[in-house]
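Novice:
In full-length UniProt numbering, the protein residues as written are 1 to 584.
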């Protein structure tokens, strides 16, 4: 009995409580740093890897359960609520409540009202004529308006109350704010409004039938964990909002932040660890959106797409299986292969690893567009081979025998890929589960007219007005435009004596893209039209100069620039040309 008692005592003595180190996440244990046990913890967020924060927890080990992020956020909100209560008890509660209510109404109005109402609202804010403003808006929406005044620093969150029934506030933004927890602070409601407006435009909430667009929305949800992401969202959203409402002061405030974000991004790219973080990838993608809005240079858009693609390659396929990085890779995959088509160099995505690993955890499933891209990734290498073959022939460095052997190998590869494109279409498009593509004349809205597409009937060579192509859903529309564009690109190097794509077929591919634009522009929410930018440019190049087809395309380019505040489209996008030596 004594031995048994000593044994039990020894057991209880040996059973030690779990140390903090054993309760830390895997990354913090490996780094041997302090872990705050929030999932994701602060250390992982600071290093830009919140999705890698994993805890080793036993099934019955309640003691070592990490703190849920929602609980931590709720705790912070409760602390803020307590602080607000203490401040309000010191006086001025009624004034603060009134200001907060006005800002909340303004937030909801600018986020949800039609663009014409928002334009009137912002125009009233900028006018400064408070009596007329309060009366007019009070009759329409019952809103108390806020006037935004610009100072030398941009926007600041200082608030001032004036005597009388209406209140005015001065809101400025300087380029040094945006710490990790800035989103919990109530001082910058206007910035949250701008970011929400940007997210609604560039990452609308759509389902699979329209093609998921949640990457930038998911990135906005984690911006509180990264000053780099936070600053990037601030710069892009200010610029987009200012350009949308034609307020050059707000637009200039966003442009002012852009160089600082670029510098911070360069520092992150030079760091071996931070360059692999999801924060860096999100920021590069945001700057791509910025360039589509402002187009600061001829090569800006392509430089950011190329940089993002190189960053994705550097991170490896295993780092794109879940989280924001998975969404950025899958949703924008046509962009990442598109830059290889423009550069006419082999794509890193033309491997089994990149075609399979990102979907290995089932975060999303492959659809017809991704199966198409699995074929498209082979085209850049063929373009490069064709260019080398032409250069070798012109320089006479290749003998006749070597030239013919390489030409035959290229022809075989082009013919094989063309057949696989046709099989893909028969399998995924001809029997599409939502229905078939229809030719239909879309009724015109006098208040919102759309350019009329005219082309030639190749049998009579007369100019006709074919009906628009209407698709069962937007995902099929986007996929088919990308299909026609890539078939056009492949046809430029298809000079086989037999089986090559004919000129009428090429013309039909380009016309099909043009005839699809109205359906997409009328149905697609936000700025999803950017998904057709590459295909639209390819169709533009396929049409003859000075023809009615290019006249229509030019009208569409200008319409998109005006309607969606995208300066990239107004330039006709020469940087997206996949044709070697293509003129603008």
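Don't be surprised by glycine CBs; every beta carbon is placed ideally from N, CA and C.
Whole angstroms are fine: how far does the CA of residue 521 sit from the CA of residue 436?
Specialist: Approximately 19 Å, taken between the alpha carbons.
Novice: Rounded to the nearest angstrom, what separates residue 441 and residue 203 at their Cα positions?
Specialist: When rounded, the distance between both Cα atoms is 29 Å.
Novice: Check whether the region 382–401 and the region 444–458 touch, using three or more Cβ-Cβ pairs below 8 Å as the test.
Specialist: Verdict: no, contact absent.
Novice: Measure the CB-CB distance between residue 32 and residue 53 and report whether it falls below 8 Å.
Specialist: Their beta carbons are not under 8 Å apart, which means residue 32 does not touch residue 53 by this criterion.
Novice: Please work out which residues of its chain come closer than 6 Å, Cβ to Cβ, to residue 469, disregarding the five sequence neighbours upstream and downstream, and give them in chain order.
Specialist: 437, 515, 516, listed in sequence order.
Novice: Could you compute how far the alpha carbon of residue 312 sits from the alpha carbon of residue 288?
Specialist: Looking at the two C-alpha atoms, the distance is approximately 14 Å.
Novice: What residue does the beta strand (DSSP E) around residue 438 start on, and which one ends it?
Specialist: Taken as a continuous stretch (DSSP letters only), the beta strand (DSSP E) holding residue 438 covers 438–440.
Novice: Please list the terminal residues of the continuous beta strand (DSSP E) segment that includes residue 468.
Specialist: Per DSSP, residue 468 belongs to the beta strand (DSSP E) from 468–470.
Novice: Relative to the alpha-carbon of residue 248, which residue among 122, 410, 44 has its alpha-carbon at the smallest distance?
Specialist: Answer by Cα proximity: 122.
Novice: Under the rule that 16 or more other beta-carbon atoms within 10 Å means buried, what is residue 154, buried or exposed?
Specialist: For residue 154, the predicted model reports a pLDDT of 37, less than 50, meaning its position is unreliable; a value from the coordinates is still stated below. By the neighbour-count rule (16 or more Cβ atoms within 10 Å), residue 154 is buried.
Novice: Would you report the Cα separation of residue 325 and residue 228, rounded to the nearest angstrom?
Specialist: Going by the C-alpha atoms only, they are around 16 Å apart.
Novice: Can you name the residues that DSSP bridges to residue 448?
Specialist: Answer is 445.
Novice: So, at 6 Å on beta carbons, what are the nonlocal neighbours of residue 235 in its own chain, with the 5 sequence-adjacent residues on each side left out?
Specialist: Same-chain partners within the cutoff: 254, 257, 258, 261.
Novice: Can you list, in chain order, the residues of its chain whose CB lies under 6 Å from that of residue 45, leaving out five sequence neighbours each side?
Specialist: Excluding residues within five positions, the ones whose Cβ falls inside 6 Å are 225.
Novice: So the candidates are 532, 570, 465, 459; which of them puts its Cα closest to the Cα of residue 335?
Specialist: Among 532, 570, 465, 459, the Cα nearest to that of residue 335 belongs to 532.
Novice: Does the Cβ-Cβ distance between residue 598 and residue 215 come in under 8 Å?
Specialist: In this structure the chain extends from 1 to 584, so residue 598 is not present and cannot be described.
Novice: Taking 8 Å as the limit between beta carbons, can you name the residues of its chain near residue 318, skipping five residues before and five after?
Specialist: If we look at residue 318 and ignore the five residues flanking it on each side, its Cβ neighbours are 357.
Novice: For chain B, check one thing: does any of its Cβ atoms lie closer than 8 Å to the Cβ of residue 105?
Specialist: The chain labelled as chain B is not found in the depicted structure, where only one protein chain is given.
Novice: Measuring CA to CA, which of 574, 333, 534 is closest to residue 285?
Specialist: Nearest option by C-alpha distance: 333.
Novice: What would DSSP say about residue 53, mapped onto helix, strand or coil?
Specialist: Three-state result, residue 53: coil.
Novice: Looking only at DSSP bridge pairs, what is residue 39 linked to?
Specialist: Partner(s): 68.
Novice: Does the region 418–436 touch the region 474–490, meaning 3 or more C-beta pairs lie closer than 8 Å?
Specialist: Enough Cβ pairs lie closer than 8 Å, so yes.
Novice: Does the Cβ-Cβ distance between residue 568 and residue 342 come in under 8 Å?
Specialist: Going by C-beta atoms, residue 568 is not nearer than 8 Å to residue 342.
Novice: Using the three-state DSSP reduction, which class does residue 305 fall into: helix, strand or coil?
Specialist: Helix at residue 305.
Novice: Closest by CA to residue 458, which one among 370, 505, 345?
Specialist: Cα-wise, what sits closest to residue 458 is 505.
Novice: Identify whether residue 25 lies in helix, strand or coil by the three-state DSSP scheme.
Specialist: Note: residue 25 maps to coil in three-state DSSP.
Novice: How many angstroms separate the CA atom of residue 213 from the CA atom of residue 327?
Specialist: So the two alpha carbons sit approximately 8 Å from each other.
Novice: When the distance is taken between beta carbons, is residue 489 closer than 8 Å to residue 538?
Specialist: It is a contact, given that the beta carbons lie within the stated cut-off.
Novice: Counting C-beta neighbours from all protein chains within 10 Å, is the total for residue 330 16 or more, i.e. buried, or is it exposed?
Specialist: Classification for residue 330: buried.
Novice: Given 8 Å as the limit, is there contact between the region 549–567 and the region 523–531, that is, 3 or more CB pairs closer than that?
Specialist: Yes: the two stretches touch, three or more of their Cβ pairs being nearer than 8 Å.
Novice: Just curious, the alpha helix (DSSP H) that residue 526 is in, first and last residue?
Specialist: First-last for residue 526: undefined, no H or E at that position.
Novice: Which residues mark the beginning and the end of the alpha helix (DSSP H) in which residue 393 is found?
Specialist: Its alpha helix (DSSP H) spans residues 379–395.
Novice: Buried or exposed, going by whether 16 or more other CB atoms sit within 10 Å of the CB of residue 512?
Specialist: Classification of residue 512: buried, given that the 10 Å Cβ count is 16 or more.
Novice: How big is the Cα-Cα spacing for residue 403 and residue 339?
Specialist: The alpha-carbon atoms of residue 403 and residue 339 are separated by roughly 28 Å.
Novice: Contact check, residue 265 vs residue 189 under 8 Å by CB: the rounded distance?
Specialist: Contact flag wrong, Cβ pair sits at about 27 Å.
Novice: Does the beta-carbon of residue 281 have 16 or more other beta-carbons within 10 angstroms, so that it is buried, or is it exposed?
Specialist: The residue in question, residue 281, is buried, as its Cβ has 16 or more Cβ neighbours within 10 Å.
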